[in-house]
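The next block holds one structure in the form of structure tokens; read it before the comments.
There are 2 protein chains.
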Amino acid sequence: MEILYTTAQEDGFHMPAEFEPHRGCLMIWPERPDSWQYGAVAARKAFARVAEAIAKSEKVTVLVSFEQYDTARRMLSSHIRVLEMSSDDSWARDVAPTFVKNESGVLRGIDWGFNACGGLVDGLYFPWDKDNKMARKICDFMDTDVYDCRDFILEGGSIHVDGEGTAMVTERCLLSAGRNPQLTKDEIEEKLKQMLNVQKVLWLPYGIYQDETNEHVDNVCAFVKPGEVVLAWTEDENDPQYAMSLADYEYLSKETDACGRKIVIHKLPLPKPICMEEEECEGLLYWDDKPTREEGERLAASYVNFYIANKAIIMPAFGDAADEKAQKMLAGLFPEREIIAIPARDILIGGGNIHCITQQIPL
Amino acid sequence: MEILYTTAQEDGFHMPAEFEPHRGCLMIWPERPDSWQYGAVAARKAFARVAEAIAKSEKVTVLVSFEQYDTARRMLSSHIRVLEMSSDDSWARDVAPTFVKNESGVLRGIDWGFNACGGLVDGLYFPWDKDNKMARKICDFMDTDVYDCRDFILEGGSIHVDGEGTAMVTERCLLSAGRNPQLTKDEIEEKLKQMLNVQKVLWLPYGIYQDETNEHVDNVCAFVKPGEVVLAWTEDENDPQYAMSLADYEYLSKETDACGRKIVIHKLPLPKPICMEEEECEGLLYWDDKPTREEGERLAASYVNFYIANKAIIMPAFGDAADEKAQKMLAGLFPEREIIAIPARDILIGGGNIHCITQQIPL
Chain R
1 MEILYTTAQE
11 DGFHMPAEFE
21 PHRGCLMIWP
31 ERPDSWQYGA
41 VAARKAFARV
51 AEAIAKSEKV
61 TVLVSFEQYD
71 TARRMLSSHI
81 RVLEMSSDDS
91 WARDVAPTFV
101 KNESGVLRGI
111 DWGFNACGGL
121 VDGLYFPWDK
131 DNKMARKICD
141 FMDTDVYDCR
151 DFILEGGSIH
161 VDGEGTAMVT
171 ERCLLSAGRN
181 PQLTKDEIEE
191 KLKQMLNVQK
201 VLWLPYGIYQ
211 DETNEHVDNV
221 CAFVKPGEVV
231 LAWTEDENDP
241 QYAMSLADYE
251 YLSKETDACG
261 RKIVIHKLPL
271 PKPICMEEEE
281 CEGLLYWDDK
291 PTREEGERLA
301 ASYVNFYIAN
311 KAIIMPAFGD
321 AADEKAQKML
331 AGLFPEREII
341 AIPARDILIG
351 GGNIHCITQQ
361 IPL
Chain L
1001 MEILYTTAQE
1011 DGFHMPAEFE
1021 PHRGCLMIWP
1031 ERPDSWQYGA
1041 VAARKAFARV
1051 AEAIAKSEKV
1061 TVLVSFEQYD
1071 TARRMLSSHI
1081 RVLEMSSDDS
1091 WARDVAPTFV
1101 KNESGVLRGI
1111 DWGFNACGGL
1121 VDGLYFPWDK
1131 DNKMARKICD
1141 FMDTDVYDCR
1151 DFILEGGSIH
1161 VDGEGTAMVT
1171 ERCLLSAGRN
1181 PQLTKDEIEE
1191 KLKQMLNVQK
1201 VLWLPYGIYQ
1211 DETNEHVDNV
1221 CAFVKPGEVV
1231 LAWTEDENDP
1241 QYAMSLADYE
1251 YLSKETDACG
1261 RKIVIHKLPL
1271 PKPICMEEEE
1281 CEGLLYWDDK
1291 PTREEGERLA
1301 ASYVNFYIAN
1311 KAIIMPAFGD
1321 AADEKAQKML
1331 AGLFPEREII
1341 AIPARDILIG
1351 GGNIHCITQQ
1361 IPL
């Protein structure tokens, strides 16, 4: 593994879209007792279900602590690889490398700086050194060269690309005080262009209400093909999310992508607000002086947080009336893929969803 | 990775000889402060030299704790892979899988039971659970099926094979009370035949004097090709090693291998006795109530503990007059390989040598 100090752009590499073919998927086993209630038992089951569903499409590698290797190994099918790697939490989307490739199919990773979504300003846990080391170590394991981009704070969940020159982010996240406050919006955009090798960055104003990642784009909006997105949507004008989704809709309606296309926006319904219950809160360790979650706290539930596997869409289900609507809409948008809905409340409680706990490795 | 409960013999797999082509080599980074003096600084340098020498021939993967990943990564060339994996010590020969393959070139690992060379009887450290888990985890990382043979205690350093149906072991080690005392010699031999798929086992009576592994065969005798071995040898009749090497010589002289060949024995000279110095002892942490090494303690130095890489022999050097003789003899025996001698006192202090800290992966 060479550690590279150049950029994808100058080397002729770019980030493929998630809907392009994968050689595999990375996940991280849940363990942290302030993220995953009741010893992470339910989270383990939910993660395992996600891994098994993806493994029908592509090779899944699950990274796990020394202590939990045996449990993960026995809970997962033999065709899923389990690999020891220390982590601080389980957000493969955010801590695994962002992969780029060139026209010959050579793969490289990007090792962004990671500070638990906000560092000492509003980061979600402390310390985060194990997570910050993972991208490079994953590239080492894969024998893939890696771009050292640790001086720029970015999580994989805060970017989406269409594979044809367009990236999509939220202003709330990328301009947050806990990321790269020393850089201007233009400088951040330039960094994304260089490292992802895109020509245009779409800046949605907002993500999902109360999304503690400072509103990662991957919870609110996703490309389903070049020129087409799904946008998380509510018809309830009293919901704080309404104005946020509307602002995103209006922004996207006026924009074109890198190829000059108008963007087709599919409104993907949101479930009704999902809130923490007392029993769930009791199952979590305290992180510091305040509880990680409080009873009644609204969680950032969204169907947009799906994973596009080679042969399937792995989408979260919340036991809500909108589950079926969302599933049908995704079936229409991805006609060649099976839509697999997995009950995801036990992932949501940790602070993210199926897209957040996965990272694709392009073919 | 499938966990298999059958045997290599019944599945048509066998262990190739070390002098056959490799696809790579596994090593483990030294760290344990009761094995490696002065914070393992000198050991790291020596291990790195071994890794670099082997990496000229084949892909080297170095397994390392979370804590030392960055140091290993920076000390080793970029073409060497560094992978996090927890261990108790650094004996890849003994804790990595023994690899077997079939006629189609499919590779499988054997996951022997490991108890630090003697368990509660005379094991070298406690606990040994991390080491005992490594073979399976390495197979998982390599995506290679693995034989579960954990009910049988064996270290890779206690066996040698010629790749043509013959294995070689020492009675001292394989019949030791800390290995498999519930099994008879015949039962142990049968297990080796089944798992390595050999037809004959050669039982040398002894290994190297004071070898704390209960005299692993890989420190005293090694195949250089089918039908030919090097045997560690001293001409000093007052050395306790003399009678041990002589007994091995006499045993081998009367034996034939699995193909019915008489065995050609090359006497590889031993260096003069190498003993621990006071300063070296001071550099080691205590393991328990007694020091790990005592001043004047004789170490089990032997040139037989070399590694056969694809294009080179990596042999230990001790700064002894015999270094050159041994190197010349190995050059004659391996005419197509470069003979690379690496100063190995800093490995020897840990209780083994270059063969002990490596494990080949057959092509």
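Chains R and L are the protein sequences, given in the same order. Letter by letter, the first sequence follows residues 1 to 363 of the numbering used here. Letter by letter, the second sequence follows residues 1001 to 1363 of the numbering used here. Ideal Cβ positions, reconstructed from N, Cα and C, are used throughout, including at glycine. The structure presented is a predicted model; accordingly, all values stated were derived computationally and were not measured.
Think of a sphere of 9 Å around the beta carbon of R:Met276: no beta carbon from chain L falls inside it, the nearest being about 32 Å out. Below the 8 Å Cβ cutoff, chain R contributes no neighbours of L:Leu1076, its closest Cβ being approximately 10 Å away. Per DSSP, L:Pro1343 lies in no alpha helix (DSSP H) segment; the continuous beta strand (DSSP E) that holds it begins and ends at 1338-1343. L:Ala1312 sits in a strand when the DSSP states are folded into three classes. Taking 8 Å as the cut-off, the Cβ atoms of L:Val1082 and L:Val1095 do not count as close. At a C-beta separation below 9 Å, L:Arg1032 has no neighbours in chain R, since its nearest C-beta there lies roughly 16 Å away. The residues Gln1194, Asn1197, in chain order, have a CB closer than 6 Å to that of L:Gln1009 in the same chain once the five nearest residues on each side in sequence are set aside. For L:Leu1299, there are no neighbours in chain R by C-beta distance under 8 Å, as the nearest C-beta there is about 31 Å away. For L:Leu1124, no Cβ of chain R is located within less than 8 Å of the residue's own Cβ. Under the three-state reduction of DSSP output, L:Gly1119 falls in the helix class. Pairing L:Ala1043 with L:Asn1219, the inter-Cα distance amounts to about 19 Å. No residue range can be given for R:Gln37, since it is assigned to no beta strand (DSSP E) and is classified by DSSP as neither H nor E. Under the three-state reduction of DSSP output, R:Asp94 falls in the helix class. Contact annotation: the segment 1299-1314 of chain L touches the segment 1019-1038 of chain L, with at least three C-beta pairs closer than 8 Å. With 16 or more other Cβ atoms inside 10 Å of its own Cβ, R:Tyr206 counts as buried.
L:Gly1119 and L:Gly1113 have their C-alpha atoms roughly 10 Å apart.
Spatial neighbours of R:Gln327 in its own chain (CB-CB distance under 6 Å, excluding positions within 5 residues in sequence) are listed in chain order as Ile339, Ala341. Using a Cβ-Cβ cut-off of 8 Å, L:Lys1191 does not count as an interface residue toward chain R, since no Cβ of chain R sits closer than that to its own. The segment 1119-1207 of chain L is shown to contain whole alpha helix (DSSP H) runs of 4 or more residues at 1119-1122, 1129-1142, 1171-1174, 1185-1192, in chain order. By a beta-carbon distance limit of 8 Å, L:Ala1048 contacts L:Met1075. Their separation comes to about 5 Å.
Not a single CB atom of chain R sits nearer than 8 Å to the CB of L:Ser1090.
Residue burial annotation: R:Asn238 is exposed, with fewer than 16 other C-beta atoms found within 10 angstroms of its C-beta. Annotated as proximal: L:Trp1091 and L:Ile1357, with beta-carbon spacing under 8 Å.
For R:Phe152, the CB contacts under 7 Å within the same chain, skipping 5 residues up- and downstream, are Trp112, Gly113, Asn180, Lys191 in chain order. In the structure shown, L:Ile1347 falls within a helical segment according to DSSP collapsed to helix, strand and coil.
One thing to note: R:Tyr125 has its Cβ within 8 Å of the Cβ of R:Trp287. Residues Arg1298 of the same chain have their beta carbon placed closer than 6 Å to that of L:Pro1273, with the five preceding and five following residues left out of the count. Excluding sequence positions up to five before and after R:Arg93, its CB lies within less than 8 Å of the CB of Glu155, Gly156, Gly157, Asp218, Gly352, His355, Cys356, Ile357, Thr358, Gln359, all in the same chain and listed in chain order.
In this structure, DSSP gives R:Glu324 a helical state, which the three-state scheme calls helix.
Legend: CB atoms of the segment 1109-1134 of chain L lying less than 8 Å from CB atoms of chain R belong to residues Lys1130, Lys1133. Apart from sequence neighbours up to five positions away, the residues of its chain that approach R:Glu52 with a beta-carbon distance below 7 Å are Ser77, ordered along the chain. With its beta carbon less than 8 Å from one in chain R, L:Tyr1069 belongs to the interface. Within the segment 79-104 of chain R, the residues whose Cβ lies closer than 8 Å to some Cβ of chain L are Arg81, Val82, Leu83, Glu84, Met85, Ser86, listed in chain order. Straight-line spacing of the CA atoms in R:Glu228 and R:Glu189 works out to 21 Å.
Note on L:Asp1089: 16 or more other CB atoms within 10 angstroms of its CB, so buried under the neighbour-count rule. When the beta-carbon positions are compared, L:Met1027 and L:Ser1087 stay at least 8 Å from each other.
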